[in-house]
Amino acid sequence: MLQQSPFFQLYLSRLREFFRQPARIFWVYGFPTLLAVVLGYAFQSRPPALVAVDVVAGPGVDALRNAVEAHNTKAAGSTGGPAASAPIILDVRPEAEALNRLRTGKTPLVVQPGEGSNVSYRYDPTRPESAAAREAVNDLVQRAAGRSDPVATQDVLVTEPGSRYIDFLIPGLIGLNAMGGGLWGVGFFLVNLRIGKLLKCYVATPMPRRDFLGAILAARLTFLTPDLAVLLALGLFAFQMPIRGGLWLVVLIDVVGALAFAGLGLLIACRAATTETVSGLMNLIMMPMWLLSGVFFSSDRFPAAVQPLIQALPLTQLVGGLRLVILEGAGLGHEGVLRALAILAAWAVGTFWLALKWFKWT
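For the sequence shown, our numbering begins at 4 and goes up steadily by one.
Quick look at the structure:
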């Protein structure tokens with residue numbers, strides 16, 4: 004009975020078409036995995052970075068060098084601590100050369116020891132590494148001059164998985180794949196069928212139209228399963244990313260998000276008649292979410308005035324919901340998870356309703 008079902012045959016046809024094209028397999032499964040590996044190793048936890056600064060040749064350089072050597076000796080015996088404990092490297096240069104390197108961004112800080120105890124710092128305050136270098140050098144200069152801290156402090160170092168960049172990134176990549184698969188895998192596929200006059204051929208058959216669209220969505224959800232499994236396994240086994248919440252809830256959020264993006268893809272394709280049109284519309288929709296939805300960095304960095312718009316985007320809710328469950332262990336009753344599911348479901352229902360109402364088969 005199942006073999007005679009139009010839905011089942013259309014579903015199998017979509018699977019065969021996908022897996023017979025190696026390029027599609029790479030972009031759906033291989034590229035996100037490669038991106039996660041590269042960014043994971045690029046931003047993995049490391050010892051404190053060296054602070055390399057330029058020093059203007061002149062009086063006071065020897066005293067500064069002695070203070071730096073004492074600092075570096077102490078830092079070498081430390082197992083961790085604040086940025087001020089990072090080793091410091093001095094590069095003594097003529098004033099003109101040092102200032103030119105500062106202007107061109109080749110050094111974060113220019114230190115100019117003066118007569119007596121005077122020291123001047125030249126740096127760009129808008130560069131975080133420049134401000135950090137200034138604080139590190141000034142701290143050792145003040146300590147070398149006899150300053151002592153009136154309050155004793157203690158550093159408690161936290162390196163627990165879940166606080167690293169790769170832990171932040173993996174849920175973002177899962178959401179990004181759901182968006183790309185829903186838009187390109189549904190929208191672009193339907194437009195190609197329309198261009199090739201294949202939609203007209205399908206309509207001429209006794210196939211129920213709901214089976215045709217349902218098979219495309221079912222295939223899209225099937226492709227989503229290995230993608231989710233690969234990225235979660237990569238994070239878990241390669242980077243020791245914690246999964247603190249229920250795995251079933253991760254799957255639920257991803258599926259609802261995938262349906263929302265599939266609905267968007269269907270809506271885009273309902274009238275588009277050329278690949279140029281559908282490509283432009285997809286890029287118009289995807290680019291703001293790439294930038295605003297917190298895939299690679301937190302969306303909280305944007306001004307408060309645009310936050311309502313950002314929070315209404317489906318990718319923002321998908322990525323945010325995944326992070327709540329994976330990194331914070333949130334359950335289904337969590338306000339953020341419920342809000343994410345509600346907004347994603349609204350996108351899915353609304354876009355499907357509009358797309359089915361406006362869909363053009365010929």
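From the three backbone atoms N, C-alpha and C, an ideal C-beta is built for every residue, glycine too.
Owing to the predicted nature of the structure, the values given are computational and were not obtained by experimental measurement.
What are the partner residues of residue i, as DSSP defines its beta bridges?
i      : result
ARG96  : VAL59
VAL122 : PRO116
ILE91  : VAL54
Which residues in the same chain as residue i place their Cβ atom closer than 6 Å to its Cβ, once the five residues preceding and following it in sequence are excluded?
i      : result
ILE92  : LEU53, ALA55
MET292 : LEU316, LEU318
GLY266 : ALA351, THR354, PHE355
PHE22  : none
LEU269 : VAL189, ALA358
THR107 : none
VAL254 : none
PHE46  : TYR168
GLY238 : ILE173, MET244
ALA147 : ALA70
Is residue i buried or exposed, if buried means 16 or more other CB atoms sit within 10 Å of its CB?
i      : result
LYS363 : exposed
THR278 : exposed
SER120 : exposed
TRP251 : exposed
ARG197 : buried
LEU60  : With the sequence shown as reference, residue 60 is identified as Ala, and Leu is not the correct amino acid for it. So ALA60 counts as exposed.
SER302 : buried
GLN24  : exposed
SER3   : Nothing about residue 3 can be read from this structure; the chain reaches only from 4 to 365.
LEU312 : exposed
LEU231 : buried
ARG213 : exposed
VAL116 : Note that residue 116 is Pro in the sequence shown here, rather than Val. Flag for PRO116 reads buried.
MET290 : exposed
VAL41  : exposed
ALA101 : buried
ASP170 : buried
If you follow the alpha helix (DSSP H) that residue i is part of, which residue opens it and which one closes it?
i      : result
THR107 : Where THR107 is concerned, there is no enclosing alpha helix (DSSP H), given that its DSSP letter is neither H nor E.
ARG213 : 212–236
LEU344 : 338–361
ALA134 : 131–147
LEU330 : 317–331
Examine chain B for any beta-carbon lying closer than 8 Å to the beta-carbon of residue i, and answer yes or no.
i      : result
THR208 : Of the chains in the structure shown, none is chain B; there is only one protein chain.
Could you name the residues of the same chain whose beta carbon sits closer than 7 Å to that of residue i, not counting the 5 residues immediately before and after it, in chain order?
i      : result
PRO1   : Shown here, the chain extends from 4 to 365; a query on residue 1 therefore has no answer.
LEU176 : PRO35, LEU38, ALA39, LEU234
PRO211 : PRO9
GLU118 : PRO62
CYS273 : ALA358, TRP361, PHE362, LYS363
GLY178 : GLY260, VAL298, LEU318, LEU321, VAL322, LEU325
HIS337 : LEU327
VAL194 : ALA272, ALA275, THR278, VAL281
VAL95  : VAL58, ALA60, VAL64
LEU13  : ASP214, PHE215, ALA218
ARG68  : LEU93
Which same chain residues, not among the five before or five after residue i, have their C-beta less than 8 Å away from its C-beta?
i      : result
ALA261 : ALA181, GLY184, GLY185, ARG223, LEU224, LEU227
LEU347 : ILE256, VAL259, GLY260, LEU262, ALA263, PRO317, GLN320, LEU321, GLY324
PRO174 : VAL322, LEU325, ARG326, ILE329, LEU330
VAL340 : LEU252, ILE256, GLY324, LEU327, VAL328, ALA333, GLY334
Every unbroken alpha helix (DSSP H) within the stretch 9–83, with a cutoff of 4 residues, ordered by chain: Correct list: 9–22, 25–28, 34–45, 64–79.
Considering only residues of the stretch 241–312, which uninterrupted alpha helix (DSSP H) runs meet the minimum length of 4 residues and lie entirely inside it, listed in chain order? Correct list: 250–272, 278–295.
Go through the stretch 149–206 residue by residue and report every complete run of the alpha helix (DSSP H) that reaches 4 residues or more, in order. Listed in chain order, they are 168–185, 192–198.
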